[in-house]
Amino acid sequence: IGKALPGKVVYPDFFHRETQGWLSELLLEFKSKIHFDGLWISRNEPFSEVDGSIDGCPANQDSLERPPYVPAVGQGKLNSRTMCMSARHYGNRVHYDLHSMYGWSQHRATFNALAHQTNKQRSIVVSSSTFPGSGKYGGHWFGNMGTTYKAMAESIPSVLAFSLFGIPFAGVDICGVDAEVDEELCARWYQLGAFYPLARNHIQATPQDDPLLKHSPALISIAKEALLTRYLFLPYLYTLFLEAHIQGTPVARALFYYWPTDAIALGIERQFLWGKALMVSPVLEKGQTSIDVY
Numbered sequence: 001i002g003k004a005l006p007g008k009v010v011y012p013d014f015f016h017r018e019t020q021g022w023l024s025e026l027l028l029e030f031k032s033k034i035h036f037d038g039l040w041i042s043r044n045e046p047f048s049e050v051d052g053s054i055d056g057c058p059a060n061q062d063s064l065e066r067p068p069y070v071p072a073v074g075q076g077k078l079n080s081r082t083m084c085m086s087a088r089h090y091g092n093r094v095h096y097d098l099h100s101m102y103g104w105s106q107h108r109a110t111f112n113a114l115a116h117q118t119n120k121q122r123s124i125v126v127s128s129s130t131f132p133g134s135g136k137y138g139g140h141w142f143g144n145m146g147t148t149y150k151a152m153a154e155s156i157p158s159v160l161a162f163s164l165f166g167i168p169f170a171g172v173d174i175c176g177v178d179a180e181v182d183e184e185l186c187a188r189w190y191q192l193g194a195f196y197p198l199a200r201n202h203i204q205a206t207p208q209d210d211p212l213l214k215h216s217p218a219l220i221s222i223a224k225e226a227l228l229t230r231y232l233f234l235p236y237l238y239t240l241f242l243e244a245h246i247q248g249t250p251v252a253r254a255l256f257y258y259w260p261t262d263a264i265a266l267g268i269e270r271q272f273l274w275g276k277a278l279m280v281s282p283v284l285e286k287g288q289t290s291i292d293v294y
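250 is the number that UniProt numbering gives to position 250 of the sequence shown; each next residue is one higher, with no gaps.
Below, the structure written as structure tokens:
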């Protein structure tokens, strides 16, 4: 038993064969109350506000919680803000062996549940925790990004990396997650974010605090123009996603994808391509009005 915003929480075992049917029934009931075409699943790392569980983890399994090598996680233990590594999944497998695939397992189960309900019509499932192979079931959301020019610039190599991981439908929160955002930064982020494979605005604020409503009509105009430009290229983007589905090719592509022997192209992280035909070179610095393009 873990803890999250609602209080005590439990974690479904999506590796169990019966969980798929349970989730399908749950989503069918939810859909009878609120119609939806897709789902955003979050905190499925899985996340907990306590380490391991509210009752702690078994003392005789400490070698799983504190192995010889621990990545850069809190307090030198793997169960930091997640489940006990000794928790058991279907087939008596320990969470230690499946932690990185937990989000993938929920992603797959959610995709299958929606496909069953919609008679195999396409739906959208975006997950904050993914694993190689998740691209078959939906997209990746990068979590809460900082509201800074640095975060905006770092979003490009993040999206490009996931394209190479086989998860082409990926993007970060346009303008970051905080309501307090500089108007110029937000405008530039819309101009970049319109070309994320997954273009998504997500602000942790009340509607009246949304940057588009707080700032000048000029920001609304810039955001609208950027998103309409995306829609202008939508047939091409759709073609790229079809190619990604059939051939496994990225949608957003680093320059080295086409020029692998070019040492300069190898280090460029502030430009990218949509397929072969469109290069995106955004402004990523405050006060900048022109850029050099390679």
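Yeah, the Cβ is synthetic: ideal placement off N, Cα and C, and Gly gets one too.
Pair within 9 Å by beta-carbon distance, residue i and residue j
| i | j | result |
| --- | --- | --- |
| residue 104 | residue 126 | no |
| residue 2 | residue 48 | yes |
| residue 37 | residue 134 | no |
| residue 286 | residue 190 | no |
| residue 132 | residue 163 | no |
| residue 284 | residue 152 | yes |
| residue 165 | residue 106 | no |
| residue 177 | residue 203 | yes |
| residue 17 | residue 160 | no |
| residue 112 | residue 24 | yes |
Beta-bridge pairing of residue i - partner residues as DSSP gives them
| i | result |
| --- | --- |
| residue 9 | 2 |
| residue 272 | 280 |
| residue 173 | 200 |
| residue 252 | 274 |
Residue interval of the beta strand (DSSP E) (run including residue i)
| i | result |
| --- | --- |
| residue 85 | Run containing residue 85: none; DSSP gives neither H nor E here. |
| residue 140 | 139–141 |
| residue 126 | 124–127 |
| residue 38 | 38–41 |
Whole-angstrom distance between residue j and residue i, CA atom to CA atom
| i | j | result |
| --- | --- | --- |
| residue 71 | residue 216 | 44 Å |
| residue 200 | residue 193 | 8 Å |
| residue 50 | residue 147 | 27 Å |
| residue 114 | residue 27 | 8 Å |
| residue 169 | residue 116 | 22 Å |
| residue 225 | residue 84 | 48 Å |
| residue 167 | residue 274 | 15 Å |
| residue 290 | residue 278 | 19 Å |
| residue 259 | residue 294 | 12 Å |
| residue 230 | residue 8 | 42 Å |
| residue 235 | residue 65 | 49 Å |
| residue 157 | residue 269 | 6 Å |
| residue 184 | residue 175 | 10 Å |
Terminal residues of the alpha helix (DSSP H) in which residue i lies
| i | result |
| --- | --- |
| residue 97 | 95–98 |
| residue 51 | Taken as a continuous stretch (DSSP letters only), residue 51 belongs to no alpha helix (DSSP H), as it is neither H nor E. |
| residue 14 | First-last for residue 14: undefined, no H or E at that position. |
| residue 112 | 102–117 |
| residue 227 | 217–232 |
| residue 21 | 19–33 |
| residue 159 | 149–164 |
| residue 193 | 183–193 |
| residue 62 | 62–65 |
| residue 266 | 263–266 |
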